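K.L.:
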Amino acid sequence: MGFLKPQSSFTTFLKLFSTNIKSGIMRYLNVAEKNDAAKNIASILSRGGSRRREGFSQYNKIYEFDTQVFGEQARMTMTSVSGHLLGYEFLATYRNWQSCNPVTLFDAPVIKTCLPDYQNIKRTLEREIVSCQGLIIWTDCDREGENIGFEIIKVCTDIKPDLRIYRAKFSEITGPSIFRALNFLEQPNKRISDAVDVRQELDLRTGAAFTRLQTLRLERYFRKS
Numbered sequence: 252m253g254f255l256k257p258q259s260s261f262t263t264f265l266k267l268f269s270t271n272i273k274s275g276i277m278r279y280l281n282v283a284e285k286n287d288a289a290k291n292i293a294s295i296l297s298r299g300g301s302r303r304r305e306g307f308s309q310y311n312k313i314y315e316f317d318t319q320v321f322g323e324q325a326r327m328t329m330t331s332v333s334g335h336l337l338g339y340e341f342l343a344t345y346r347n348w349q350s351c352n353p354v355t356l357f358d359a360p361v362i363k364t365c366l367p368d369y370q371n372i373k374r375t376l377e378r379e380i381v382s383c384q385g386l387i388i389w390t391d392c393d394r395e396g397e398n399i400g401f402e403i404i405k406v407c408t409d410i411k412p413d414l415r416i417y418r419a420k421f422s423e424i425t426g427p428s429i430f431r432a433l434n435f436l437e438q439p440n441k442r443i444s445d446a447v448d449v450r451q452e453l454d455l456r457t458g459a460a461f462t463r464l465q466t467l468r469l470e471r472y473f474r475k476s
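First residue of the sequence shown? That's 252 in the numbering used here, and the numbers climb one at a time after it.
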């Protein structure tokens, strides 16, 4: 798919906003952890009537349909990520192996940025959230899924800070489970997500520090021999 021209894209969003305001219908962006999950959840909630279109990522489609949320008619846009969207890395000054003592990596500042392979997924989220008032997270109901959910929240709220944000909790992708999740939406759990962030940061720091330490020592050893 080619990129939308700025003028046509802006015109499309104006039409969406105008329609939503006149009709009073809430519009939600729904995001699952994988494309298959998004496709199946959309099919269930639309009773087989969802419409598919392309996003910026060829692997992550967009599905549109209407359903009820909190007893009110709503317009739903469903898409997906492909696992973790963001990842930790050191600032540029610490990425060169010769730039610092490996021990300093335990205290060096880190940032969480979009992984290079997933920039197009991020662009899709940023584009689609503009016309929505709510965000519903449909990632897996485990620690990693909760963390991925907060990565999605970060990308979307950077564009639209005043979003209404909800978490759908489901044990399987079946009709009863998915409709139950939609009927009993919850708030995402920041503590669970924070626990994953701590583990990811520790993995980065310990892995980088010990790998560099071992490699640099071996280099010195072989030079002497």
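Quick reminder that beta carbons are idealized off the backbone N, C-alpha and C, glycines included. These numbers come from a predicted model, not from an experiment.
Does the beta-carbon of Val449 have 16 or more other beta-carbons within 10 angstroms, so that it is buried, or is it exposed?
P.N.:
Val449 should be labelled exposed.
K.L.:
Is it buried or exposed for Asn398, if we count other Cβ within 10 angstroms and need 16 for buried?
P.N.:
buried
K.L.:
Output needed for Cys365: all residues of its chain with C-beta closer than 7 Å, excluding positions within five of it in sequence on either side, in chain order.
P.N.:
Leu336, Leu337, Lys373
K.L.:
Buried or exposed for Ser422, going by 16 or more other Cβ atoms inside 10 Å?
P.N.:
exposed
K.L.:
Any chance the region 408-421 sits against the region 386-398, with 3 or more Cβ pairs inside 8 Å?
P.N.:
They touch, by the three-pair rule.
K.L.:
Considering Cα atoms alone, identify which of Val282, Gly396, Pro427, Gly426 is closest to Ile313.
P.N.:
Val282
K.L.:
In whole angstroms, what separates the C-alpha of Asn371 from that of Phe321?
P.N.:
Taking C-alpha positions only, Asn371 is separated from Phe321 by approximately 32 Å.
K.L.:
Buried or exposed, going by whether 16 or more other CB atoms sit within 10 Å of the CB of Tyr279?
P.N.:
Per the 10 Å Cβ criterion, buried.
K.L.:
Name the one or two DSSP bridge partners that Glu315 has.
P.N.:
Arg302, Thr328
K.L.:
With Gly300 and Phe316 assumed to form a contact (beta carbons below 8 Å), what rounded beta-carbon distance in angstroms separates them?
P.N.:
6 Å
K.L.:
For Ile362, count neighbouring C-beta atoms within 10 Å of its own C-beta (all shown protein chains included) and say buried if the count is 16 or more, exposed if not.
P.N.:
exposed
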